[in-house]
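Note that our numbering has the sequence shown beginning at -3, numbered continuously upward. C-beta: ideal position from N, C-alpha, C; glycine also. Just so you know, these numbers come straight off a predicted model, no measurement behind them. Comments concern the structure below.
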Amino acid sequence: MKWFSARRAKKILDDGASQADEQQLEDTLAERQKILDKVVQSRRLVPYLNQVSILFQLLQDYVRGNYREIPWWTLGAIATALTYILIPLDAIPDAIPVAGFIDDVAVLKLCLELVSKDLDSYRRFRDARDSIEEPVRGADDGKPQT
């Protein structure tokens, strides 16, 4: 990341997080498909597809009121990192062959590192919720459960 420093990525995340509001979270969710499409189309970003999907799930659960145990800075940093992917003329323009997505990866990767504990907490919440919501096998066949 010679062309784009971690310090610069951190400043982008800090600036974005400090200006974030509920509307930005909703706007980020509204751009979900465009962001996911760009991630899939970039060989530098595609390794992060699963993490990006989880970040969107977290934002969705927050906006819906399902998950609120998260610092505001984390939400703002996530929204900033995700929307940064869409900016074609950012620090290193995406049109530049090979190097174009280096800054996008740097911002996303740093965000994932900085919010890792909050993301782990969210995953535990999501996994617990999903295990509760899974139907019990045979529950709808009219037979008593044993």
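Close-in-space but distant-in-sequence residues of the same chain around residue i (CB under 7 Å, 5 per side omitted)
i, result
"T24", "L55, A75, L78, T79"
"V36", "V42, L45"
"D57", "Y63"
"E27", "T79, L82"
"K30", "L82"
"F121", "Y63"
"D114", "I66, P67, T70"
CA nearest to the CA of residue i, picked from the options
i, options, result
"W68", "S127, R3, D126, G12", "G12"
"I66", "D126, S127, Y118", "Y118"
"D126", "L32, Q53, S14, V48", "Q53"
"L32", "Q15, L51, S14", "L51"
"V111", "S49, G72, S14", "G72"
Exposure label - residue i; buried when at least 16 CB within 10 Å
i, result
"A2", "exposed"
"A102", "buried"
"Q34", "This sequence places Lys at residue 34; Gln is not what is there. Counting Cβ neighbours within 10 Å, K34 comes out buried, since at least 16 surround it."
"G61", "exposed"
Chain-order list of residues whose beta-carbon lies under 8 Å from that of residue i (same chain, five-residue window excluded)
i, result
"Q15", "G72"
Open item on the list: For the structure I just gave you, are there three or more beta carbon pairs, one from the stretch 6 to 19 and one from the stretch 35 to 48, closer than 8 Å?
Closed with: no
Open item on the list: Is it the case that the stretch 100 to 108 contacts the stretch 2 to 14, given that we only count it when at least three CB pairs across the two stretches are under 8 Å?
Closed with: yes
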